[in-house]
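In the numbering used here, the protein residues as written are 40 to 396.
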């Protein structure tokens, strides 16, 4: 019963935080949170996340691809395309989105990769696909994983990064933690943290989302320990994880959510939500430019609910050294529908080809 009381108090804490951040309050939100708190207090038992089904173990999925072993012993799966590493002029690490895998490589056509001399590698982030889960995963650890990947594959002192959707938190992390290793960075449809300092007070934000998604993200922020429990309870609207993956990330043309979460949803998509919408170790709007030239690019659709236009305008003021590009269309995956746009994104990232859109 102690865990039940704890969950109830956490839910009340979430509502109190939400109410303080919005003076007018929301009676529906208030009633809903109170209802959930009462329901939980009356006897809903705490649901702990099940153990991850580790790839290669007795009850886990099979290992089907090449894996590297990082210094801490974790196996990490990866996939390559483009020209060979030895022949490459440019080496690019792709960070997959929420609900994605190493197989969701940046969809630039092979001819362009060969023309530009690009070697491209993507990896299953910890807990996704066939990479070992890491319960202590954070922005900093994700960036360190990228560095370990680059070193294990001998990509050299500097490499390019393309980070997509929620995976863009690692892109911001590259600027904060390893700017000396980054030759250039493109973040495509990055997701904002609705609790970023300096941006949380803007008019657009959580209220633009559907109620179920909004409440789920609030639990991820204020009570991450209970996120798995919350997505399983029936009394309060929680986001359908597959639906949220369609909204919160980029659609995958050939690879679905099943492969991404085969080791368990908690150490994959739940962990992503807890990191993306948790308390960050730094404020992206306060980052200083460590690069020369147009090294950082952000590509965003004009009406993206996960990156409100008012926030984009403020970031333009705070981070004038970032090159902002508008993607035609409203959907977060609009860029996949525009012929030649992935190629344009890649070209703009590489030296001597920068374009302002």
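Here a beta-carbon is modelled for each residue, glycine too, at the ideal position from N, C-alpha and C. Note that the structure is predicted; figures quoted are calculated from it, not measured.
Which partner residues of residue 114 appear in the DSSP bridge assignment? Position 75 of the chain shown holds residue 114. Bridge partners of residue 114: 108.
Going by beta carbon distance, what residues of the same chain come within less than 8 Å of residue 198, once the five residues before and after it are set aside? Along the chain shown, read from residue 1 onward, the residue named residue 198 stands at position 159. Apart from sequence neighbours up to five positions away, the residues of its chain that approach residue 198 with a beta-carbon distance below 8 Å are 130, 131, 132, 189, 220, 221, 222, ordered along the chain.
Could you check how far apart the C-beta atoms of residue 120 and residue 314 are, in whole angstroms? I think they sit under 8 Å. Here residue 120 refers to the residue found at position 81 when the chain shown is read from its first residue. Here residue 314 refers to the residue found at position 275 when the chain shown is read from its first residue. Rounded, the Cβ-Cβ distance is 27 Å, inconsistent with contact.
Across the stretch 142 to 156 and the stretch 170 to 185, are there enough close Cβ pairs to call them in contact, namely three or more that are closer than 8 Å? no
Which complete beta strand (DSSP E) runs does the stretch 133 to 199 hold, if anything under 3 residues is left out? 157 to 162
Rounded C-beta distance between residue 171 and residue 114? I'm assuming under 8 Å. Walking along the chain shown from the start, residue 171 turns up at place 132. Walking along the chain shown from the start, residue 114 turns up at place 75. 5 Å between Cβ atoms; contact.
Where do the N-terminal and C-terminal ends of the alpha helix (DSSP H) with residue 386 fall, by residue? The residue labelled residue 386 in the question sits at position 347 within the chain shown. Under the DSSP assignment, residue 386 falls in the alpha helix (DSSP H) whose first and last residues are 380 to 388.
At least three beta-carbon pairs within less than 8 Å, the stretch 365 to 384 to the stretch 263 to 271: no
Find out if the Cβ-Cβ distance for the pair residue 209, residue 134 is shorter than 8 Å. Translated into positions along the chain shown, residue 209 becomes position 170. Translated into positions along the chain shown, residue 134 becomes position 95. Yes, Cβ-Cβ distance for residue 209 and residue 134 is below 8 Å.
Inter-residue CB distance, residue 298 and residue 96 (contact presumed, cutoff 8 Å): Taking the chain shown and counting its residues from 1, the one referred to as residue 298 is at position 259. Taking the chain shown and counting its residues from 1, the one referred to as residue 96 is at position 57. Not quite, the Cβ-Cβ distance comes to about 17 Å (not below 8 Å), so this is no contact.
Is residue 340 helix, strand or coil by DSSP? Here residue 340 is taken as the residue at index 301 of the chain shown, counted from 1. It is a strand residue.
Candidates 112, 385, 231, of which the one nearest residue 149 by Cα: The residue given as residue 149 occupies position 110 in the chain shown. The residue with the shortest Cα to Cα distance from residue 149 is 385.
Looking only at C-alpha atoms, which of 218, 372, 109 sits nearest to residue 340? Locating residue 340 in the chain shown gives position 301, where the first residue counts as 1. Minimum Cα distance to residue 340 is reached at 372.
Residue 82 versus residue 321 - alpha carbon distance: In the chain shown, counting from the first residue as 1, residue 82 sits at position 43. In the chain shown, counting from the first residue as 1, residue 321 sits at position 282. Caution is warranted here: a pLDDT of 42 is assigned to residue 82, below 50, making its placement in the model unreliable, and no coordinate value can be reported.
State the Cα-Cα distance for the pair residue 264 and residue 218, rounded to the nearest angstrom. In the chain shown, residue 264 corresponds to position 225, counting from 1. In the chain shown, residue 218 corresponds to position 179, counting from 1. So the two alpha carbons sit approximately 32 Å from each other.
Beta-carbon gap between residue 333 and residue 228 smaller than 8 Å: Locating residue 333 in the chain shown gives position 294, where the first residue counts as 1. Locating residue 228 in the chain shown gives position 189, where the first residue counts as 1. No. Outside cutoff.
So which of 138, 354, 382 has the shortest CA-CA distance to residue 310? As a working note, residue 310 is residue 271 in the chain shown. Comparing Cα-Cα distances from residue 310 to each of 138, 354, 382, the minimum goes to 138.
Can you list the alpha helix (DSSP H) stretches of 4 or more residues lying completely in the stretch 202 to 241, in chain order? The alpha helix (DSSP H) runs of length 4 or more contained entirely in the stretch 202 to 241 are, from start to end of the chain, 207 to 216.
Top-ranked residue by Cα proximity to residue 126, from 232, 195, 350: Against the chain shown, residue 126 aligns to sequence position 87. Per the Cα distances, 195.
Where residue 377 falls: helix, strand or coil (DSSP): Looking up residue 377 in the chain shown gives position 338. Looking at residue 377 - three-state DSSP - the assignment turns out to be coil, as it is neither helix nor strand.
Could you name the residues that DSSP lists as bridge partners for residue 362? Numbered from its first residue, the chain shown carries residue 362 at position 323. Answer by DSSP bridge pairing, in chain order: 336.
Taking residue 161 and residue 202 to be in contact with their CB atoms under 8 Å, please state how far apart those CB atoms are, rounded to whole angstroms. Taking the first residue of the chain shown as position 1, residue 161 is located at position 122. Taking the first residue of the chain shown as position 1, residue 202 is located at position 163. The Cβ separation is near 11 Å, so there is no contact.
Using DSSP with H/G/I as helix, E/B as strand and the rest coil, what is residue 130? Position 91 of the chain shown holds residue 130. Residue 130 falls in the strand class under three-state DSSP.
Assuming residue 206 contacts residue 136 under a Cβ cut-off of 8 Å, what Cβ separation, rounded to an integer in Å, is found between them? The residue given as residue 206 occupies position 167 in the chain shown. The residue given as residue 136 occupies position 97 in the chain shown. Cβ atoms of residue 206 and residue 136 come within 8 Å of each other, at about 5 Å.
Between which two residues does the alpha helix (DSSP H) holding residue 251 run? Translated into the one-based positions of the chain shown, residue 251 becomes position 212. Counting along the chain, the alpha helix (DSSP H) containing residue 251 begins and ends at 250 to 261.
Where do the N-terminal and C-terminal ends of the alpha helix (DSSP H) with residue 297 fall, by residue? Reading the chain shown from its first residue, position 258 is the one you call residue 297. It spans 296 to 299 - the alpha helix (DSSP H) in which residue 297 sits, taken as one unbroken run.
Would you kindly report the start and end of the unbroken alpha helix (DSSP H) that includes residue 372? Counting from 1 along the chain shown, the entry for residue 372 is found at position 333. Where residue 372 is concerned, there is no enclosing alpha helix (DSSP H), given that its DSSP letter is neither H nor E.
Does DSSP put residue 119 in a helix, a strand or coil? Numbered from 1 along the chain shown, position 80 holds the residue referred to as residue 119. Residue state for residue 119 is assigned as strand, using DSSP reduced to three classes.
Which residues in the same chain as residue 312 place their Cβ atom closer than 6 Å to its Cβ, once the five residues preceding and following it in sequence are excluded? Mapped onto the chain shown, residue 312 falls at position 273. Result list for residue 312: 259, in chain order.
CB-CB length for residue 145 against residue 230, believed under 8 Å: One-based indexing of the chain shown puts residue 145 at position 106. One-based indexing of the chain shown puts residue 230 at position 191. Actually they are not in contact, since the Cβ atoms of residue 145 and residue 230 sit about 18 Å apart, beyond 8 Å.
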